[in-house]
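Participant: Below is one structure. I have some questions about it.
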Amino acid sequence: MSLDDVVSKAGLNRIDFVKIDVQGYECKVLAGMQEVLKQYSPVVIFEYEAWAWAKADATVAYAADIFHAASYSLWRIVNRGEPSIKLLDITHSIPDHIDLLALKQDDPRLEFLLSSALIS
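Numbering of the sequence shown is given in our numbering, commencing with residue 16 and proceeding in unit increments.
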């Protein structure tokens, strides 16, 4: 059952945050929550682990396509010294493990992150 189905059946009227941790099957979850992304605009956090995503035959490019279709930006959470968030560039090589944050491009929380110097 997809998240879109669960939300529809439960009659939820608000979803603010989604954490996905399914060992490589994140793209399957994302594919089943496209209406949630468009209707509720939750913040989404998930991780990319190359070995797990390869096992699930998934790619970061596919995940990025789902988010871009819903007007989201995809950010990499970096934890070296001071934590920061960097816009993910999928045209460059991606490390074997990264934590990702997806935010709607017009999300007011993005404005806060930009003003707080967390985003570089």
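By construction, the Cβ of each residue, glycine as well, lies at the ideal position given by its N, Cα and C atoms.
#1: Please state whether DSSP places residue 130 in a helix, a strand or coil.
#2: Just the Cα atoms here: how many angstroms apart are residue 77 and residue 18?
#3: Tell me which residues share the same chain as residue 111 and place their Cβ nearer than 8 Å to its Cβ, disregarding the 5 neighbours each side in the sequence.
#4: Enumerate in chain order the residues of its own chain whose CB-to-CB distance from residue 75 is below 7 Å, with the five nearest sequence positions on each side excluded.
#5: Please report the straight-line C-alpha distance between residue 101 and residue 60, rounded to a whole angstrom.
#6: What are the boundary residues of the alpha helix (DSSP H) that includes residue 63?
#7: Pull up the distance between the alpha-carbon of residue 48 and that of residue 114, whole angstroms please.
#8: Could you round the C-beta distance between residue 120 and residue 86 to whole angstroms and report it? I think they count as a contact, below 8 Å.
#9: Which same chain residues, not among the five before or five after residue 50, have their C-beta less than 6 Å away from its C-beta?
#10: Among the candidates 16, 127 and 70, whose CA atom is the shortest distance from the CA of residue 44?
#11: Looking only at its own chain, which residues have a Cβ that is under 8 Å from the Cβ of residue 90, when we skip the five neighbours before and after it?
#12: Name the two residues that bound the continuous alpha helix (DSSP H) containing residue 83.
Facilitator: Considering the structure as presented:
#1: Correct three-state label for residue 130: helix.
#2: Between the alpha carbons of residue 77 and residue 18 lies a gap of roughly 18 Å.
#3: Excluding sequence neighbours, residue 111 sits near 64, 65 and 66.
#4: So the qualifying residues of the chain are 63, 105 and 109.
#5: Their backbone Cα atoms lie some 14 Å apart in a straight line.
#6: Per DSSP, residue 63 belongs to no alpha helix (DSSP H); it is in the beta strand (DSSP E), 58-64.
#7: Approximately 19 Å between the Cα atoms of the pair.
#8: Sure, about 5 Å apart at Cβ, within 8 Å.
#9: Shown here for residue 50: same chain residues with a beta carbon closer than 6 Å to its own, the five before and five after excluded, namely 19 in chain order.
#10: Checking every option, the nearest Cα to that of residue 44 belongs to 16.
#11: Excluding sequence neighbours, residue 90 sits near 100, 101, 102, 103, 115, 116, 117, 118 and 134.
#12: Residues 75-84.
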